[in-house]
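Residue numbers (mature numbering (1 follows the signal peptide of the UniProt record, and there is no 0)): -32 to -1, 1 to 841. So the structure is just underneath, and the comments pick up after that.
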């Protein structure tokens, strides 16, 4: 029943000197280190000379707990939970980077578990400003503090609390962003607050700290076909949009509406039209019941979900009494004649298109509400995948125990897995035929889902999900679907199904512990350990500790009765085995190849051989401070609102580089609406350059920091006076164009360069860019005697930019034999980067910038709007 020991695949560490380094979430200041050592020595003594330590610096996560049965610190059990938690943090918070616990945290909630434990959930603040997604949980029993876990963001002292941008300016940026992504919407601001935001936290990679505004936006029209509920993070100094988080997640007082929430309900709790609630059948086969009409189904399945959580966990309603009883209403909307197929939770109601009134789908959507009011998992990357997984898990549980089966599900064999033509652990098997072919998911074997098993002759078209983090080819690494929330949910889904039924996978045997035990362990983790930014490794920690907490504790079954299922140490070994099998603690960073926009200058390949030197026939480094007279600038707007932006020569060059570079501003202005649509493109052309016999390559160094997917630029070429065209991918030797910009038709991108291959975005995990060198094989474009002109063409849509695009050190060159003077008649060469070098603040191997440099670059973006632009002609 206590905190688990080291045999459950956790790291148990003797508190020797190396543990001091392992414990810090980021590099601590020199002054803090002695205090940390003192606190750790106290912990060592009080924990019986042993301490379990879990440290994940990229996730800003740490966990401390005694490996013995003794508490970390004895506390007065009669004191209020908050007082005891702050006392524990006051004693040992410095080991987590916390100097003054009473000033660093505010109470979020207090939860109590079935084993008698109390868990105090505290949100981090800095100088009175909330820290986004940073939460620590202090775990207490009647003797004292058993452990401390969670996310703490350090290094905030370097940031100011006074924003340069006003809240109104941030709201304007956020509304423009919402209009861009939701054509036809009327977005309005629901709330705005100033926060500290850690860029890269949700993705679990290194990042930088920012003072920012959290702007929550909804659609005043509440359109069912394109619901808007977004959390938009805007840098408070530069105005750059740092993140856009979609909060639409695709107590028993039910109301059923159709076709919208704006009309009176057609069914209410206990009314004459309300259908009877069938009792659960349990996890058995041989269902004989069939679903009712759509509105009745929404009513029955909402009530069944309420009963599932209430019976098993004593959790009455998705908000568990967070609002007054008369306001605890489960509102469901049956959408008619809307843009379907779709189903979603929007924070107020669950909403379903025709054919989506399936038991597991309805329970899935309502489970999003339970997630919002417990661990509050942010709907991006791994935390978002866990959000989806928790809905899948409890939605499928409800499906398995309610004794109902629809006409499509009835064509599958109950109790069998999908690979054998069965419906067990299949999500959405009772959807309409059209929806079922597209939206099904298999928790049991997610990697092989969709193969060879049609339903009523309908081929399953769903994309497989990953059953593990590293060995699965289906783990999603890109940014689409909020970072793969509907795909990577397959990993925790798989773990739960295997844990419940037992399976051998990835060379690991997972004994079956049954669905009741597994459900209690998962909900205990959600309620008492997990925080909004919980990642897969933190989820594994939480599950294993939850199993230890619940060992020997009576557990309720589906009917609200005490079951005969008792969690044992062997069950906790099974939990650990499941985590190992799906590689829950493995880091996908290397596999996913999270990279900067440009490979850093240190990785620039050498063009010339050992016995050769570069011969440069044309070069420009802009060090005169003005654009040469024979270079040409053009600017073309897509609307009358175009501000006639041009390339300029800038002295505000990021990084440790020379004094000047050419610069294309990615403007932060615009509203993406008539009167403020600043869509357009502008270019910078070299003069005509005659290719000589030794010229083989064209190169330049550049720095990219634009609005990802919407704004960006590319390299174009004209040969012998022909029309300019984008340089073909095959001609690039190093640092080619990135992915195409968003499409005009599909994505609504108003950038004139929509759909073109381009450089755009910022380094992954950071809000900034870094320098890199692009090399082009000139022989792929022209021959000796031809004339070439190169063009850097930049385009932007109607609002929400970033910093922009810097270009420097332009050269046409080739290689000649080294005659002994080492120059070859040139003024420079390629290989290892040309000029400038990486910033002294860059991260090893990535060229990305740390917090101070990141802030400077974002401030640069804002500062450019405060100065009159110089057009160099």
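Positions of the beta carbon are idealized from the N, C-alpha and C atoms, including for glycine.
**Prompt:** Whose C-alpha, out of 318, 125 and 354, is nearest the C-alpha of residue 329?
**Reply:** 318
**Request:** Would you mind giving the Cβ-Cβ distance between residue 768 and residue 636, rounded to the nearest angstrom? I have them listed as a contact below 8 Å.
**Result:** 7 Å
**Prompt:** Out of 437, 95 and 355, which has the shortest C-alpha to C-alpha gap to residue 338?
**Reply:** 355
**Request:** Compare the C-alpha of residue 298 against each of 389, 730 and 268 and name the closest.
**Result:** 268
**Prompt:** In terms of DSSP beta bridges, what is residue 779 paired with?
**Reply:** 587 and 667
**Request:** Return the chain-ordered list of same chain residues with a C-beta closer than 7 Å to the C-beta of residue 266, the five sequence neighbours on each side being excluded.
**Result:** 224, 300, 302, 320, 325 and 330
**Asked** Which class does residue 116 belong to by DSSP, given the choice of helix, strand or coil?
**Response** strand
**Prompt:** If we count the other Cβ atoms within 10 Å of its Cβ and call it buried at 16 or more, is residue 272 buried or exposed?
**Reply:** buried
**Message:** For a test of the three-state rule: what should DSSP assign to residue 507, helix, strand or coil?
**Reply:** helix
**Message:** Helix, strand or coil, according to DSSP, for residue 414 in the structure here?
**Reply:** helix
**Asked** Which one or two residues does DSSP pair with residue 164 in a beta bridge?
**Response** 99 and 179
**Prompt:** Since residue 499 contacts residue 77 with CB under 8 Å, what's their CB separation in whole angstroms?
**Reply:** Not a contact, Cβ separation roughly 11 Å.
**Request:** Let me know the secondary structure DSSP gives residue 465 once reduced to three states.
**Result:** helix
**Request:** Could you tell me which residues DSSP pairs with residue 602 in its beta bridges?
**Result:** 651
**Request:** Using DSSP bridges, identify the partner residues of residue 86.
**Result:** 80 and 108
**Residue(s) in a DSSP beta bridge with residue 33** = 20 and 115
**Message:** Can you look up residue 184 in the DSSP assignment and give me helix, strand or coil?
**Reply:** strand
**Request:** Leaving aside the five residues before and after residue 2 along the sequence, list all residues of the same chain whose C-beta is less than 6 Å from its C-beta, in chain order.
**Result:** Bear in mind that the predicted position of residue 2 carries a pLDDT of just 46, short of 50, making it unreliable; the figure below should be weighed with that in mind. Counting only Cβ-Cβ distances below 6 Å, and skipping sequence neighbours, we find nothing.
**Message:** So, under 8 Å CB-CB, residue 544 and residue 578 are touching, yes? Tell me the CB distance rounded to an integer number of Å.
**Reply:** Wrong, their Cβ atoms sit about 54 Å apart, outside the cutoff.
**Request:** Report all residues from its chain with a CB closer than 8 Å to the CB of residue 44; omit the five preceding and five following residues, and keep chain order.
**Result:** 52
**Request:** Identify every residue that forms a DSSP beta bridge with residue 331.
**Result:** According to DSSP, which records beta bridges pairwise, residue 331 is partnered with nothing at all.
**Asked** Mind checking whether residue 109 and residue 155 have CB atoms under 8 Å apart?
**Response** no
**Message:** According to DSSP, residue 739 sits in a beta bridge with which residue or residues?
**Reply:** 671
**Request:** Can you have a look at residue 68 and say buried or exposed, based on whether 16 or more other CB atoms are within 10 angstroms of its CB?
**Result:** exposed
**Asked** Is residue 711 buried or exposed, if buried means 16 or more other CB atoms sit within 10 Å of its CB?
**Response** exposed
**Item:** At least 3 beta-carbon pairs within less than 8 Å: the segment 696 to 716 vs the segment 527 to 538
**Value:** no
**Counted within 10 angstroms of its Cβ, other Cβ atoms place residue 345 as buried (16 or more) or exposed** = buried
**Request:** Run the CB neighbour count on residue 748, radius 10 Å, all protein chains shown included, and call it buried at 16 or more, exposed below.
**Result:** exposed
**Asked** Using CA coordinates, which residue listed in 93, 313 and 365 is at the minimum distance from residue 394?
**Response** 365
**Prompt:** Quick one: what does DSSP say residue 631 is sitting in, helix, strand or coil?
**Reply:** strand
**Request:** Could you pull out every residue in the same chain whose Cβ sits closer than 8 Å to the Cβ of residue 482, ignoring the five residues on either side in sequence?
**Result:** 468 and 533
**Message:** Run through the DSSP bridge pairs and tell me what residue 580 is partnered with.
**Reply:** 785
**Asked** Which class does residue 133 belong to by DSSP, given the choice of helix, strand or coil?
**Response** coil
**Item:** Rounded Cβ spacing between residue 694 and residue 735 (contact assumed at less than 8 Å)
**Value:** Their Cβ separation, rounded to whole angstroms, is 27 Å, which puts residue 694 and residue 735 out of contact at 8 Å.
**Message:** On the CB-based measure, 16 or more other CB atoms within 10 Å of its CB, does residue 461 come out buried or exposed?
**Reply:** buried
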